[in-house]
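Residue numbers (my numbering), protein chains in the order written: chain A, 16 to 207; chain B, 16 to 207.
Idealized CB from N, CA, C, for every residue including glycine.
Worksheet: the structure to be examined is printed underneath.
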DNA sequence: TGAGTAAATGGACTACAGTCCGGTTATGCC
DNA sequence: GGCATAACCGGACTGTAGTCCATTTACTCA
């Protein structure tokens, strides 16, 4: 039995790269909000059908663009140095410190790419909670909250203020620093 | 100087009532998601222009439909008996108890009208934080958190898991009871 | 009562997300 | 190289949110 590796066809690869490049450029120039999928397709020299079949929807395109940076953060969490990562055996950071480190790092990532993350979370309804990345963050936080009564539910609660939509609104009202402080205060309240 | 009261014209009042009735009926029958604004306009015997000028957008229509119930909750908070309301002077409930009461009451309201609230919050981007109701809840919670370092920022954090989108996703995963418990646990953590 | 006017109306129109499918092209195999 | 086929392509098409404005209608006041 040969589970043949269905390699990506050359034209498909070329088109995917063209779309990602074009999208990144357009988003940079005009802002994420103002760019339509038609515009992305046109700029990439590709039909709409291709665009949608490959990325599913607008949220999927955003996820693809964020993929690289997201992976970096995820690997730092899984394998990197403490306190963000687990650190060397026998000298692990405390859950409290790991949680704070995660929230700080995630906020950096979020605030740096707010519009794009927002698009990935809100372009289609419920998108945020379906994305693989959310599952990853949730699992991580739940593990760090293992000593609480309901780590799974509490992890969702802790992730709620990290929604792009929420961060955007709160940032606009109180600024980055107070948003950061509030999220860390929440973590402390949960691991106190 | 006469700041004359620009009374609503009879045809306008009639049409508004027709729209609200039609929308309520359609939402009940087919579900909020599945009803288009065209359908509402047609069912109400009204043009699309009328519908949109009066309610702004889909979120505005949802807000108008929720208005009544929302008012009841808001008045209970402002003037009702403790612990939800302030109670009689000299025998006020503690901020902690009032916060718990508010969250429990709000969750009742939210879970009872989840789809409609969700539409009011997500139909247009950022809608949730612009609605007057959100300002009200936020102010109330911030007052109850007066002893914390940054009540304004913390109040936003506390309201984050009450977003319809969040409640919907978490409810689907862990059910109503654990969602409730998690939100109350958060309140306790903040007023501990 | 009837003319003047500001408000309200409604449907044609635009823009955009997302679907569909007949035609095209890269790739594996002989 | 040439053929079979599965993957890919792109643009026409649909459905929906929201806008626009020429026309109509309800109220005001003389």
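Any beta carbon of chain A sitting closer than 9 Å to that of residue i?
i: residue 47 of chain B; result: no
i: residue 185 of chain B; result: yes
i: residue 207 of chain B; result: yes
i: residue 165 of chain B; result: yes
i: residue 193 of chain B; result: yes
i: residue 121 of chain B; result: no
i: residue 201 of chain B; result: yes
i: residue 110 of chain B; result: no
i: residue 85 of chain B; result: no
i: residue 188 of chain B; result: yes
i: residue 155 of chain B; result: no
i: residue 169 of chain B; result: yes
i: residue 59 of chain B; result: no
i: residue 172 of chain B; result: yes
Identify the continuous alpha helix (DSSP H) that holds residue i and give its terminal residues.
i: residue 153 of chain B; result: 147-159
i: residue 130 of chain A; result: 129-137
i: residue 43 of chain B; result: 25-45
i: residue 98 of chain B; result: It is not in any alpha helix (DSSP H) - residue 98 of chain B carries neither H nor E in the DSSP assignment.
i: residue 166 of chain B; result: 166-174
i: residue 195 of chain A; result: 179-206
i: residue 55 of chain B; result: 52-59
i: residue 69 of chain B; result: 63-70
Could you pull out every residue in the same chain whose Cβ sits closer than 7 Å to the Cβ of residue i, ignoring the five residues on either side in sequence?
i: residue 38 of chain A; result: 55, 76 and 80
i: residue 151 of chain A; result: 89
i: residue 98 of chain A; result: 108, 112, 113 and 116
i: residue 129 of chain A; result: 179, 182 and 183
i: residue 149 of chain B; result: 143
i: residue 153 of chain B; result: 170, 171 and 174
Using a Cβ-Cβ cutoff of less than 8 Å, which residues in the same chain neighbour residue i once the five nearest sequence positions on both sides are dropped?
i: residue 181 of chain A; result: 175
i: residue 139 of chain B; result: 72, 73 and 74
i: residue 63 of chain A; result: 52, 53 and 56
i: residue 66 of chain B; result: 34, 52, 55, 56, 59 and 76
i: residue 42 of chain B; result: 50, 80, 130 and 131
i: residue 36 of chain B; result: 59
i: residue 91 of chain B; result: 99, 100 and 120
Tell me which same chain residues have a C-beta within less than 6 Å of the C-beta of residue i, skipping the five on either side of it?
i: residue 17 of chain B; result: With a pLDDT of only 39 at residue 17 of chain B, under the threshold of 50, the placement of this residue in the model should not be trusted; the figure read from the coordinates follows. Here the set comprises nothing.
i: residue 136 of chain A; result: 142, 143 and 179
i: residue 186 of chain B; result: 194
i: residue 24 of chain B; result: none
i: residue 159 of chain B; result: 110, 113 and 114
i: residue 84 of chain A; result: none
Using a Cβ-Cβ cut-off of 9 Å, state whether residue i counts as contacting chain B.
i: residue 44 of chain A; result: no
i: residue 175 of chain A; result: yes
i: residue 180 of chain A; result: yes
i: residue 131 of chain A; result: no
i: residue 77 of chain A; result: no
i: residue 198 of chain A; result: yes
i: residue 143 of chain A; result: yes
i: residue 204 of chain A; result: yes
i: residue 140 of chain A; result: yes
i: residue 258 of chain A; result: Lying outside 16 to 207, the shown extent of chain A, residue 258 of chain A is not represented and no answer is given.
- Cβ contact (3+ pairs, closer than 8 Å) linking the stretch 44-56 of chain B and the stretch 21-32 of chain B: no
- Query: Touching or not, the stretch 174-187 of chain A and the stretch 164-171 of chain B, by the rule of three or more beta carbon pairs under 8 Å?
  - Reply: yes
- Any contact of the stretch 113-121 of chain A with the stretch 104-120 of chain B, i.e. 3+ C-beta pairs under 8 Å? no
- Message: Closer than 8 Å is the cut-off here; do at least three beta carbon pairs connect the stretch 158-169 of chain A with the stretch 189-203 of chain B?
- Response: yes
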